[in-house]
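Encoded as structure tokens, the structure appears first; notes follow it.
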Amino acid sequence: MEKILEVKDLNISFHTFSGEVKAIRGVSFDLYNGETLAIVGESGSGKSVTTKSIMRLLPEHNSEIKGGQILFGGKDLTKLKDKDMQKIRGKDISMIFQDPMTSLNPTMKIGNQIMEPLIKHQNMSRHAAKERAIELLKLVGIPKAELRVDQYPHQFSGGMRQRVVIAIALACNPKVLIADEPTTALDVTIQAQILELMKDLQKKIDTSIIFITHDLGVVANVADRVAVMYGGKIVEIGTADEIFYNPKHPYTWGLISSMPDMDTQDDELFSIPGTPPDLLDPPKGDAFAPRNPFVMKIDLEQEPPFFKVSDTHYAATWLLHPDAPKVEPPAAVLRRQNQFFSGNADLVKVGNAGQASFPENKEGK
Amino acid sequence: MVKYILKRVGYMIITLFIVTSLTFFLMKLIPGSPFNNFEKLSEVQRNILLDKYGLNDPLPVQYFNYMMNLVKGDLGVSFQFDNTPVTELIANRLGPSAQLGFQAMVVGSILGILLGVIAALKQNTWIDYGSTFIAVVGKSIPSFIFAGLMQYYISVKLGWLPVMLWKGPEYTILPTIALAMFPISIAARFMRTEMVEVLGSDYITLARAKGASRWQISFKHALRNALIPVVTVLGPLAVSLMTGSLVIEQIFGIPGIGEQFVKSINMNDYPVIMGTNILFAVLFIVVILIVDILYGIIDPRIRVSGGKTK
Amino acid sequence: MSNKDITISKDMFAPVHIDPSKSEKIAKPSLNFWQDSWLRVRKNKGAVVSMVILVIMILMAFVGPMITPYSYDTQNTKHNNLPPRIQGLEDVHWLPFDGTLSRRDGTVYNAYEVRKVDAYYWFGTDNLGRDQFARVWKGTQVSLFIAFMAALIDMAIGVAYGAISGYLGGRIDSVMQRIIEVIVGIPNLIVVVLMILVLKPGIIPIIIALTITGWTSMARVVRAQVLKFKGQEFVLAAKTLGASNSSIIFKHMIPNMFGVIIINTMFSIPNAIFFEAFLSFIGLGLQEPHASLGTLVNAGFKSMIAFPYQMIIPSIMIALIMVCFNLVADGLRDALDPKMRD
Numbered sequence: 367m368e369k370i371l372e373v374k375d376l377n378i379s380f381h382t383f384s385g386e387v388k389a390i391r392g393v394s395f396d397l398y399n400g401e402t403l404a405i406v407g408e409s410g411s412g413k414s415v416t417t418k419s420i421m422r423l424l425p426e427h428n429s430e431i432k433g434g435q436i437l438f439g440g441k442d443l444t445k446l447k448d449k450d451m452q453k454i455r456g457k458d459i460s461m462i463f464q465d466p467m468t469s470l471n472p473t474m475k476i477g478n479q480i481m482e483p484l485i486k487h488q489n490m491s492r493h494a495a496k497e498r499a500i501e502l503l504k505l506v507g508i509p510k511a512e513l514r515v516d517q518y519p520h521q522f523s524g525g526m527r528q529r530v531v532i533a534i535a536l537a538c539n540p541k542v543l544i545a546d547e548p549t550t551a552l553d554v555t556i557q558a559q560i561l562e563l564m565k566d567l568q569k570k571i572d573t574s575i576i577f578i579t580h581d582l583g584v585v586a587n588v589a590d591r592v593a594v595m596y597g598g599k600i601v602e603i604g605t606a607d608e609i610f611y612n613p614k615h616p617y618t619w620g621l622i623s624s625m626p627d628m629d630t631q632d633d634e635l636f637s638i639p640g641t642p643p644d645l646l647d648p649p650k651g652d653a654f655a656p657r658n659p660f661v662m663k664i665d666l667e668q669e670p671p672f673f674k675v676s677d678t679h680y681a682a683t684w685l686l687h688p689d690a691p692k693v694e695p696p697a698a699v700l701r702r703q704n705q706f707f708s709g710n711a712d713l714v715k716v717g718n719a720g721q722a723s724f725p726e727n728k729e730g731k
Numbered sequence: 002m003v004k005y006i007l008k009r010v011g012y013m014i015i016t017l018f019i020v021t022s023l024t025f026f027l028m029k030l031i032p033g034s035p036f037n038n039f040e041k042l043s044e045v046q047r048n049i050l051l052d053k054y055g056l057n058d059p060l061p062v063q064y065f066n067y068m069m070n071l072v073k074g075d076l077g078v079s080f081q082f083d084n085t086p087v088t089e090l091i092a093n094r095l096g097p098s099a100q101l102g103f104q105a106m107v108v109g110s111i112l113g114i115l116l117g118v119i120a121a122l123k124q125n126t127w128i129d130y131g132s133t134f135i136a137v138v139g140k141s142i143p144s145f146i147f148a149g150l151m152q153y154y155i156s157v158k159l160g161w162l163p164v165m166l167w168k169g170p171e172y173t174i175l176p177t178i179a180l181a182m183f184p185i186s187i188a189a190r191f192m193r194t195e196m197v198e199v200l201g202s203d204y205i206t207l208a209r210a211k212g213a214s215r216w217q218i219s220f221k222h223a224l225r226n227a228l229i230p231v232v233t234v235l236g237p238l239a240v241s242l243m244t245g246s247l248v249i250e251q252i253f254g255i256p257g258i259g260e261q262f263v264k265s266i267n268m269n270d271y272p273v274i275m276g277t278n279i280l281f282a283v284l285f286i287v288v289i290l291i292v293d294i295l296y297g298i299i300d301p302r303i304r305v306s307g308g309k310t311k
Numbered sequence: 021m022s023n024k025d026i027t028i029s030k031d032m033f034a035p036v037h038i039d040p041s042k043s044e045k046i047a048k049p050s051l052n053f054w055q056d057s058w059l060r061v062r063k064n065k066g067a068v069v070s071m072v073i074l075v076i077m078i079l080m081a082f083v084g085p086m087i088t089p090y091s092y093d094t095q096n097t098k099h100n101n102l103p104p105r106i107q108g109l110e111d112v113h114w115l116p117f118d119g120t121l122s123r124r125d126g127t128v129y130n131a132y133e134v135r136k137v138d139a140y141y142w143f144g145t146d147n148l149g150r151d152q153f154a155r156v157w158k159g160t161q162v163s164l165f166i167a168f169m170a171a172l173i174d175m176a177i178g179v180a181y182g183a184i185s186g187y188l189g190g191r192i193d194s195v196m197q198r199i200i201e202v203i204v205g206i207p208n209l210i211v212v213v214l215m216i217l218v219l220k221p222g223i224i225p226i227i228i229a230l231t232i233t234g235w236t237s238m239a240r241v242v243r244a245q246v247l248k249f250k251g252q253e254f255v256l257a258a259k260t261l262g263a264s265n266s267s268i269i270f271k272h273m274i275p276n277m278f279g280v281i282i283i284n285t286m287f288s289i290p291n292a293i294f295f296e297a298f299l300s301f302i303g304l305g306l307q308e309p310h311a312s313l314g315t316l317v318n319a320g321f322k323s324m325i326a327f328p329y330q331m332i333i334p335s336i337m338i339a340l341i342m343v344c345f346n347l348v349a350d351g352l353r354d355a356l357d358p359k360m361r362d
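Structure (structure tokens):
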């Protein structure tokens, strides 16, 4: 599979009144053609900042890319001037945001908002652009498209607005679509519809998707590969199967354990104690150490490097070092690992077209 | 939308009623009389005068007559100018005041909006601080102080522009600037705040993510949205111009309504005072009403299918 | 990523006990609302400088008339229309305190020498020979007094009206709000002019005229705050403990509103100064021998060409006071308004 986007050792800081916040501290990952990569993590882990930096949408007056490269189409996006980035945004790389209620310009007709990238990037005439806009509205499932193309955002519901936002993003058939928590602000039923829509469109348009979310259920639904972020770094990365059924980082263990499922017998819901690290003054060793029930002395001294678990699976935890003691992961994780190794359940089918679906693992059905 | 307009018009009528009644009763409370040397006249002569102007009738009758006349558009006659109808007096003086007010409003709002937009686009640079400084100074210092200082330094000392009177376009420059300072400051301040808020919103980030250029974002997307709330401020601004014009006309000797008003105050010419008061009240209320309606038209959220505003 | 520059010994992998409470320590000392706001105000240099200037001016308003040998209302026609002259600055010709005037043709002459006056009037004299220095500071006193009184009364009425309207709610609130809407619809100008005409110009009538319509903005703001607080739990808690309505309003809600109350009051002071000066200009201001900054500017206007200092000095004073008050009010608003927090 070919790589369409490569992020290498990205370091980003924000200059605030209180000092320099090191928001991204050495993030590297690749995006392959046609896949869906999910980035999960808590608020403040750096998911949004990473993707915004790919589009170079961070506020200029206080953010700084201190190091690293973002390679796309033979160019390093960190070095491009804004004028050149404008040619890429909306055309080769698109983005959709979290809150559909505020993503659209309230005083501009929907049609015009969709037509804007078409006219700018593909040099279409207004007439042709409008035709295409109507086509796109139909594609994302908006009924009576010819009528609605002349309406204003406040005349659409939340779910419909998000569909419009998707239409805008896909107007020029971008190679990469970045979706920043696109379903977080929607009802669960609408959520499912939007996810189905995105998977459907991905097949039709053959675009690669970076999907940011904090909801593991959504991840299981859409992702081919998953990257887990914490404290401005990626702590574990692998295929969806590997992350769900054979996680190796204590933070991922915590996340998996926090997901209640049908087999949970406990009375109390599990949660990871403590709060995320202060990136004004990042800790010396492993950022997760203060909340890690399996913490070791070395976690306080040095940051762990990536340890290889398989060709596609890497985790940055000292627990994978040959000298580390063997620990037993929490019960919920153990259960999944058993399923993984015994080949018992219908696991997630991992394929190129991102046909991931959540397995029915109730008594092996 | 229609309900909204009707409601506003309703308020307008009530307010007008109150203002006119208030004017009437307060005028009646003023001690002394409008006639010169009243005390020197004999009883009979006094009564003749009072009768002539209907000032001997019982109060309710006077009030009724007054209101009836108002509805007919009759504002009475001036005591000072020997029975010239007040409406005629006012009509003669409308021209200069209207021109001055219009010029100041146009100059003030356009300059102010431009200044605000530039300050917002170049936030936290010296351009921003400079325009904020101008805005603070312009809104704090009363227009007549500006007028006086400008008149002294520019007209008297430097002789660049005429000192007073209203004989040609160059005569209008200093008064317009003096009057426009306040609207410029308010408009600039307001525009900057709105612009900054709009520039930080999600849909602007999305526009950037679509590859829109700086220019397109500032003007095509942001300005339109930021301008809408600024319209609401135009109403009170227009009103402030009316207040300001009273003194500016005095200072520059402009033959407008304001100057007339001040003269009539000093001469106790009650019908003129009342008439001008009512004129101002009507202007004030109508301007605010127009601005309110305008706002409803410009914002598509209100205009189209009655959506909710933010 | 770290580089493994040191050899990792086996004992590094021994488990360690972490105290979770340590990670929750907060780096900065905690400040209460007022301390926090004061820090913000201090950062705003414009506001700080303005505050200093205002304090100096207020002091001078009291001290000024006392430190000059002349009183503000003593006339001395032999000494009329003299330009400013300060001992020691007489020979500094680029400053306006050298006792000189210029004639129409541009020649400069020393008025004191020409008229053989052996006295020093720091701000000059007016057309009746009264000392401008004393008059300017006395005028500042009067203007500030009127402004503060008007602002205080506006605050009292506004807070009471708004609190009662918001707290009682329902029908009473509706009626009270309608009344405000009508009052606001009446132009300030007209009411003030009418009031002065009826009451005749004077310090008290001017204050009354200013306060009749000035309280509405405070009432609206206070009402909004009261409505916001009404639904909050500390009010519910107070009620459950048996607090009376008035004690809830005055002991619980209003202390939480001090920020907005102060801001509103600060803004109404320059407004009052403006109106007072404005009234002087249209002939409805204070009468002789009272002096306010407004009357001084108005009087100075008449002799602007021949004796410019009579207009310029009070004009600059008004301008300075108003700019400073506005800057301080702006600074306070930025500091006290929680919506603007970083």
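As given, the protein sequences belong to chains A, B and C, one line each in that order. If you're matching positions, the first sequence starts at 367 in this note's numbering and goes up one per residue. If you're matching positions, the second sequence starts at 2 in this note's numbering and goes up one per residue. If you're matching positions, the third sequence starts at 21 in this note's numbering and goes up one per residue. All residues carry an ideal CB built from backbone N, CA and C; glycine is no exception. None of these values were measured; they are calculated from a predicted model.
Same chain only: Cβ atoms within 7 Å of C/M324, ignoring 5 sequence neighbours per side
Within the same chain, C/M324 has close Cβ partners M331.
Using a cut-off of 8 Å between C-beta atoms, extract the partners of B/L90 located in chain C.
Here the premise fails: no neighbours, minimum Cβ distance about 18 Å.
Can you name the start and end residues of the alpha helix (DSSP H) that A/I634 belongs to?
Reading off the sequence shown, one finds Glu at residue 634 of chain A, where the question assumed Ile. Note, A/E634: premise wrong, no alpha helix (DSSP H); not H, not E.
Got a sec? Which residues, its chain only, sit under 7 Å from B/F145 by beta carbon, not counting five neighbours each side?
V248, I249, I252
Is any beta-carbon of chain C found at less than 8 Å from that of A/E372?
no
If you count every other CB in all the chains shown that lies within 10 Å of the CB of B/T177, and 16 or more means buried, which is it?
Taking all protein chains in view, the Cβ of B/T177 is crowded by 16 or more other Cβ atoms within 10 Å, so the residue is classified as buried.
What does the Cβ neighbour count give for A/E694, buried or exposed, with the cut at 16 atoms within 10 Å?
Label assigned to A/E694: exposed.
Residues bridged to A/E669 by DSSP?
Answer by DSSP bridge pairing: none, since A/E669 is not bridged.
Mind listing the chain C neighbours of A/A690? Cutoff is C-beta to C-beta under 7 Å, in chain order.
F33, listed in chain order.
So that I know if they touch, is there some Cβ in chain A lying closer than 8 Å to that of C/V36?
Chain A contact via Cβ: present.
Taking contact to mean 3 or more Cβ pairs, one atom from each stretch, closer than 8 Å, check whether the segment 187-196 of chain B and the segment 112-129 of chain B are in contact.
yes
Can you tell me where the beta strand (DSSP E) holding A/H351 begins and where it ends?
Nothing in the structure corresponds to residue 351 of chain A, since chain A is present only between 367 and 731.
Closest by C-alpha distance to C/R135, when choosing among C/W142, C/Q95, C/T120:
C/T120
Counting pairs of Cβ atoms below 8 Å between the segment 243-252 of chain C and the segment 301-319 of chain C, do you hit three or more?
Contact between the segment 243-252 of chain C and the segment 301-319 of chain C is absent, because fewer than three Cβ pairs lie under 8 Å.
Would a check of beta-carbon distances place A/L666 closer than 8 Å to chain C?
By this cut-off, A/L666 is an interface position.
Would B/G297 pass as an interface residue toward chain C - the criterion being a Cβ-Cβ separation below 8 Å?
Under the Cβ criterion of 8 Å, B/G297 is not counted among the residues facing chain C.
Within its chain, find whatever has a CB closer than 6 Å to the CB of A/F380; leave out the 5 residues flanking it on each side and keep chain order.
Excluding positions up to five away in sequence, the list reads V387, A389, N428, S429.
Going by DSSP, which residues form a beta bridge with C/R105?
C/D118
Would you mind working out which of C/E296, C/P35, C/A319 sits nearest C/A229, comparing C-alpha positions?
C/E296
List the residues of chain C whose Cβ lies closer than 8 Å to the Cβ of B/N278, in chain order.
I210, V213, L214
Please list the partners that B/G149 has in chain C, where partner means a Cβ-to-Cβ separation under 9 Å.
V317, G320, F321, M324, M331, I332, S335
Taking all protein chains shown into account, do 16 or more other C-beta atoms lie within 10 angstroms of the C-beta of B/T206, making it buried, or fewer, making it exposed?
With 16 or more neighbouring CB atoms inside 10 Å of its own CB, B/T206 falls in the buried class.
Taking C-beta to C-beta, are C/F345 and C/L102 nearer than 8 Å?
The criterion of a C-beta distance shorter than 8 Å is not satisfied by C/F345 and C/L102.
Just the chain B side, please: which residues come within less than 9 Å of A/P483 by C-beta, in chain order?
K211, G212, A213
Could you work out which residues of chain C lie near B/Y1, taking near to mean beta carbons separated by less than 8 Å?
Missing from the structure shown is residue 1 of chain B; chain B here goes from 2 to 311 and no further.
For B/I229, which of A/P466, A/P472, A/F654, A/E401 has the nearest alpha-carbon?
A/P472
First and last residue of the alpha helix (DSSP H) that includes A/M481?
476-488
For A/T573, is the beta carbon positioned less than 7 Å from some heavy atom of the ligand COA?
Absent from the structure shown: the ligand COA. Ligands present: none.
C/V343 at chain B interface by Cβ criterion, 8 Å:
yes
Please name the residue or residues paired with B/F262 in a DSSP beta bridge.
Answer is none; B/F262 lacks a bridge partner.
Flag B/P143 as yes if its beta-carbon sits less than 8 Å from any beta-carbon of chain C, otherwise no.
yes
Length of the line joining the Cα atoms of B/V292 and B/G236:
6 Å
Buried versus exposed call for B/V199 [16 or more other C-beta atoms within 10 Å across all chains shown]
Buried.
Output needed for A/G604: all residues of its chain with C-beta closer than 6 Å, excluding positions within five of it in sequence on either side, in chain order.
T678, H679
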